[in-house]
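To keep things clear, I will list the structure first and then write my remarks on it.
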Amino acid sequence: VGPELVDRLKSQIPNLKSQIELIDVGEVPENYLEKIIQSRPDTILLVDAVDFGGPPGETELIEPEDLKGGSFSTHNASLKLVIDYLRSQTEATVLLLGIQPKNLRMDSGLSKPVEQALKTVEECLIRCMNLG
Numbered sequence: 469v470g471p472e473l474v475d476r477l478k479s480q481i482p483n484l485k486s487q488i489e490l491i492d493v494g495e496v497p498e499n500y501l502e503k504i505i506q507s508r509p510d511t512i513l514l515v516d517a518v519d520f521g522g523p524p525g526e527t528e529l530i531e532p533e534d535l536k537g538g539s540f541s542t543h544n545a546s547l548k549l550v551i552d553y554l555r556s557q558t559e560a561t562v563l564l565l566g567i568q569p570k571n572l573r574m575d576s577g578l579s580k581p582v583e584q585a586l587k588t589v590e591e592c593l594i595r596c597m598n599l600g
């Protein structure tokens with residue numbers, strides 16, 4: 469879900485480098501931690517498919533404290549550990565926007581409810597950043 473959102477935002481708003489950095493971390497966000505930290509962000513928004521028990525396509529801002537030690541997203545490393553590390557190394561506000569998938573299999577593609585949620589999130593982010 470996150471990489472798809474990054475691709476969509478990059479294609480819609482190509483001249484935003486000075487305001488925002490979009491990073492597709494794929495399945496291994498831990499490989500990009502130093503790059504994120506070195507950019508000295510004010511806000512870090514992580515977007516991922518997260519199984520929080522809602523209906524497919526539901527979105528939720530998830531508090532890191534609500535994440536279990538293990539991962540229930542599409543990533544190998546615990547998102548809680550990633551968020552805790554980013555918080556300890558930056559002064560940024562770190563947010564996790566979870567989109568409830570139909571399933572967490574990497575080969576399943578985006579379901580219609582997730583596709584619609586992604587479109588809504590994309591439109592909201594563009595409006596919120598006053599970029600579109």
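Residues 469 to 600, numbered by our numbering, are exactly what the sequence shown covers, in order.
C-beta atoms are modelled at their ideal positions from N, C-alpha and C, and glycine is treated no differently.
Just so it is clear, the structure is predicted and the values come from calculations on it, not from any experiment.
*Looking only at its own chain, which residues have a Cβ that is under 7 Å from the Cβ of Gly538, when we skip the five neighbours before and after it?*
As a working note, residue 538 is residue 70 in the sequence shown. Residue placement at Gly538 cannot be trusted, given a pLDDT of 47 that sits under 50; the coordinates are not used to answer.
*Excluding sequence positions up to five away, which residues of its chain have a Cβ less than 6 Å from the Cβ of Thr588?*
As a working mapping, residue 588 is identified with position 120 in the sequence shown. Excluding residues within five positions, none has a Cβ falling inside 6 Å.
*Cβ-Cβ distance between Gly577 and Asp516 below 8 Å*: To locate residue 577, count along the sequence shown from 1; it is residue 109. To locate residue 516, count along the sequence shown from 1; it is residue 48. No; because the gap between Cβ atoms is not below 8 Å, this pair is not in contact.
*How would you label Thr511, buried or exposed, when you count the other beta carbons within 10 angstroms and need 16 or more for buried?*
Counting from 1 along the sequence shown, the entry for residue 511 is found at position 43. So Thr511 counts as exposed.
*Secondary structure at Glu590, three-state DSSP: helix, strand or coil?*
Here residue 590 corresponds to residue number 122 of the sequence shown, with the count starting at 1. In the structure shown, Glu590 sits in a helix (DSSP, three-state: H, G or I).
*Give the straight-line distance between the Cα atoms of Glu502 and Thr558, rounded to the nearest whole angstrom.*
Working through the sequence shown from its first residue, we reach residue 502 at position 34. Working through the sequence shown from its first residue, we reach residue 558 at position 90. Annotation: Glu502 to Thr558 spans about 11 Å, alpha carbon to alpha carbon.
*Excluding sequence positions up to five away, which residues of its chain have a Cβ less than 7 Å from the Cβ of Pro509?*
Within the sequence shown, numbered from 1, the residue matching residue 509 stands at position 41. Within the same chain, Pro509 has close Cβ partners Thr558, Ala560.
*Cα-Cα separation, Pro532 to Val550*: As a first step, residue 532 is located in the sequence shown; it is residue number 64 there, counting from the start. As a first step, residue 550 is located in the sequence shown; it is residue number 82 there, counting from the start. Using only the alpha carbons, I get a separation of about 10 Å.
*Between Ile491 and the rest of its own chain, which residues show a CB-CB distance below 8 Å, the 5 nearest in sequence each way excluded?*
If you number the sequence shown from 1, residue 491 lands on position 23. Short of 8 Å from the beta carbon of Ile491, and not among the five residues preceding or following it, lie these beta carbons of its own chain, in chain order: Val474, Tyr500, Lys503, Ile504.
_Candidates Val582, Pro497, Glu528: closest to Lys570 by CA position_ = Taking the first residue of the sequence shown as 1, we reach residue 570 at position 102. Closest by alpha carbon: Val582.
*Straight-line CA distance for Gly566 to Glu472?*
Counting from one through the sequence shown, the residue named residue 566 turns up at place 98. Counting from one through the sequence shown, the residue named residue 472 turns up at place 4. Answer to the nearest angstrom: the Cα atoms are 14 Å apart.
_Contact belief for Gln568 with Gly522 at Cβ below 8 Å, rounded distance in angstroms_ = Residue 568 sits at position 100 when you count from the first residue of the sequence shown. Residue 522 sits at position 54 when you count from the first residue of the sequence shown. Contact flag correct, Cβ pair sits at about 4 Å.
*Quick one: residues in its chain with C-beta nearer than 7 Å to the C-beta of Leu513, no 5 flanking neighbours on either side, listed in chain order?*
Residue mapping note: residue 513 aligns to position 45 of the sequence shown, counting from 1. Excluding sequence positions up to five before and after Leu513, its CB lies within less than 7 Å of the CB of Leu563, Leu565, all in the same chain and listed in chain order.
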